[in-house]
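Sequential numbering from 1 applies to the sequence shown in the UniProt record's numbering.
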Amino acid sequence: MVWGVYSIMLHKYCLVCLTIFACFSCLFLVRVHGAIFGRDDEGQQQQISEELFGSLEELARIVDVSYCVGTTEIRKPFKCLSHCSEFQGFELVTTWNTGPFLSDSCGYIALSHEPFPKRIIVAFRGTYSIANTIIDLSAYPQAYVPYHPEDGKVSDQLQCLNCTVHAGFLASWSNTRAIVLEHVAAARARYPDYSLILVGHSLGGAVAALAGVEMQLRGWDPQVTTFGEPRIGNKAFVGFLDRIFDLDGLGADALDPRFRRVTHVNDPVPLLPLQEWGYEMHAGEIFIAKEELSPLPHDIRLCQGDNDARCIAGADGPVGLMLKELDDIAWTKQHLSKRVQSPHQAVLADVDPHSSADADVADRNQLQTPFSLPWHLIPSRYRLWELFFAHRDYFWRLGLCVPGGDPTGKVSDIQN
C-alpha cells in the first residue's frame with residue numbers, strides 16, 4: 001500500500017492507526033514479568049544508571065522530532081512543532097524524505113553544540129507504511145555485503161559470510177546512504193571532536209542499524225540507539241553486528257553499550273519478521289518493563305545476549321505459536337499452485353551449501369513464497385490498540401509532530 005502526503009495531519013494519523021491496527025491484529029498481548037535490572041558476570045543485579053536513563057529519554061525526544069519531516073517540516077536553525085524548542089543548542093544540517101514506498105526513509109541530521117554535548121546526530125524516522133514493510137511476509141531476504149575500506153585490505157572482522165537482511169530495510173538504507181554519508185563526512189571533517197550519534201524508531205531503527213554497521217566499519221565509531229527496532233537479518237548477520245559493536249561479550253561498556261536496542265513490553269515489532277523465517281534479534285537490548293508512560297530508571301532492564309527470556313524475547317513463544325496456527329489455517333485455504341513464486345523470495349535458513357541435502361532444502365526454499373495471513377479470522381478479544389501504542393510509547397508517545405510532542409495529554413517531568 002502506498003501512502004500519500006496528506007494535508008491534514010490528524011487524517012493521516014487515523015489512516016496510519018487503521019493500517020497498523022489491521023496488521024497487528026494477529027498478535028497476543030503478552031505481559032512480561034521479571035526483574036528490572038541487568039546482571040554482571042557474577043549474576044549480581046545492577047540498576048540502570050541515571051546517566052543512561054537520561055540519555056535514552058533525550059534520544060526518544062530527538063527521534064520524535066523526525067516525525068515532523070514530511071508533515072510540518074523542521075526549519076533552521078532548529079524549529080518544529082515538536083520538541084525542537086527543548087534543544088536550543090541544536091543546528092539543523094539537512095532533512096531527507098525519499099518517498100512513501102516500502103523502501104522510503106525520512107530523517108534529519110543536526111549538530112548539537114554547547115551547552116549540550118558536542119554531537120553529530122542522525123535521526124531516522126519510522127515510516128507510515130511500517131505495516132507493509134514488516135508484517136507482509138512476502139518481503140524477501142537479500143544477501144548482505146558489508147562495506148569494505150578502499151585500501152583493499154579486508155580483515156576477518158569485515159567479512160559477513162552467508163549474511164542476509166530484510167530487502168526492504170536494505171533498500172531504505174540504500175536510498176538514504178548517499179545523502180547521509182555525504183553530510184556526516186562533512187560534519188566530521190568540520191567538527192572532528194564531535195561524537196557521532198545515530199537514533200531511529202521502528203523501521204527507522206532498522207535503517208539506523210544498517211547505517212551504524214557501515215559507519216562502524218568506516219572507523220567513525222558511532223553510538224547507535226534504536227527504539228522498537230524490528231529483526232533485520234539472519235543469524236550470520238546478527239553475529240556480525242554483535243562482533244563489530246562488541247556486543248557478544250561483557251566488557252567495560254556492558255552497562256552502556258555502543259549499540260542500545262530499546263524494546264518495550266507488548267511491542268510486537270521487535271519480534272518481527274518471524275524467527276521461523278530465519279530472522280534473529282541482536283544483542284544490546286535495553287527493555288522497558290513498564291506498560292504505561294512514563295517509565296522510571298527502576299523500570300528498565302539491561303538484557304543479556306541476543307534473546308534474553310526476561311526481556312522482549314519472553315513474548316516470542318506465544319506470538320510465534322499464534323502465527324503458526326494462522327499459517328496452518330491459511331495453508332488449508334490456499335493451494336500451493338495459486339501462490340506467486342519468485343526466485344527472489346526465500347525463507348532465511350542457516351544451511352550448509354556444501355551439503356546435498358541442505359542444497360535441496362535451499363532450492364525448495366527459493367521457490368517457497370510467503371503469503372498474507374487470514375487477518376479476518378482473528379478473534380476480536382485481542383487488545384489491538386494496546387499493541388499499537390506499545391510500539392509508540394518509548395519514554396514519550398512517538399510518531400506525531402505536535403506541540404510538546406506528547407499527544408496523550410500527559411505532562412512528563414522526566415527530563416527535568
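Just so you know, even glycine gets a beta-carbon here, dropped at the ideal spot from N, CA and C. Remember, it's a predicted structure, so these values are computed and weren't measured experimentally.
- Residues of the same chain with a CB within less than 6 angstroms of the CB of residue 283, apart from the 5 flanking positions on each side, are 242, 247, 305, 306 in chain order.
- Less than 8 angstroms divides the Cβ of residue 286 from the Cβ of residue 300.
- The beta carbon of residue 76 sits closer than 7 angstroms to the beta carbons of 92 from its chain, once the five residues preceding and following it are set aside; these are given in chain order.
- Between the stretch 228-239 and the stretch 176-189 there are fewer than three C-beta pairs closer than 8 angstroms, too few to call the two in contact.
- Residue 120 is positioned such that its CB atom lies no closer than 8 angstroms to that of residue 60.
- An exposed status is given to residue 145, since fewer than 16 other beta-carbon atoms sit within 10 Å of its beta-carbon.
- Between the stretch 55-69 and the stretch 390-400 there are three or more inter-stretch CB-CB distances shorter than 8 angstroms, so the stretches are counted as touching.
- According to the DSSP assignment, residue 287 belongs to the beta strand (DSSP E) that extends over 285-288.
- Within the same chain, Cβ atoms closer than 8 angstroms to the Cβ of residue 160 are found at 144, 145, 146, 236, 237, 240, the five residues on either side in sequence being excluded.
- Here residue 262 is bridged, per DSSP, to 227, 286.
- Taking 8 angstroms as the cut-off, the beta carbon of residue 105 is found closer than this to the beta carbon of residue 172.
- Looking at the DSSP output, residue 202 shares a beta bridge with no other residue.
- In the DSSP secondary-structure assignment, residue 121 is bridged to 110, 197.
- Residue 67 holds the alpha-carbon nearest to the alpha-carbon of residue 125 among 83, 170, 174, 67.
- Nearest to residue 52 by alpha-carbon distance, out of 98, 297, 140, is 297.
- Between residue 163 and residue 234, the C-beta gap is smaller than 8 angstroms, which places the two residues in contact.
- The criterion of a C-beta distance shorter than 8 angstroms is not satisfied by residue 394 and residue 213.
- Counting of Cβ neighbours within 10 angstroms places residue 219 among the exposed residues, the total staying below 16.
- Restricting attention to 189, 175, 295, the CA atom closest to the CA of residue 97 is found in 175.
- Membership of residue 244 in any beta strand (DSSP E) is not indicated; the residue belongs instead to the alpha helix (DSSP H) covering 235-244.
- Under the three-state reduction of DSSP output, residue 257 falls in the coil class, being neither helix nor strand.
- By the Cβ-count criterion, residue 223 is buried, with 16 or more other Cβ atoms from all chains shown falling within 10 Å of its own Cβ.
- One Cα belongs to residue 276, the other to residue 168, and the distance between them is close to 18 angstroms.
- DSSP lists 397 as the beta-bridge partner residues of residue 393.
- Contact between residue 203 and residue 127 is confirmed by a C-beta separation of about 5 angstroms, below the 8 angstroms threshold.
- For residue 176, the three-state secondary structure derived from DSSP is helix.
- Leaving aside the five residues that flank residue 207 on each side, the residues in its chain whose CB is nearer than 7 angstroms to its CB run, in chain order, 105, 124, 169, 172, 173, 176, 200.
- Cβ neighbours of residue 99 within its own chain (closer than 7 angstroms, five residues either side excluded): none.
- Rounded to whole angstroms, residue 294 and residue 83 show a C-alpha spacing of 17 angstroms.
- Contact between residue 122 and residue 198 holds, with the beta-carbon distance rounding to 5 angstroms and staying under 8 angstroms.
- Ranked by Cα distance from residue 278, the first of 165, 148, 392 is 165.
- The Cβ atoms of residue 116 and residue 78 lie no closer than 8 angstroms to each other.
- DSSP places residue 149 outside both helix and strand once states are collapsed to three, so it counts as coil.
- Contact between residue 290 and residue 191 fails: their C-beta atoms lie close to 37 angstroms from each other, not under 8 angstroms.
- DSSP places residue 90 outside any alpha helix (DSSP H); the residue lies instead in the beta strand (DSSP E), whose first and last residues are 90-97.
- Using a 10 angstroms sphere on the CB of residue 110, the tally of other CB atoms reaches 16 or more, which defines it as buried.
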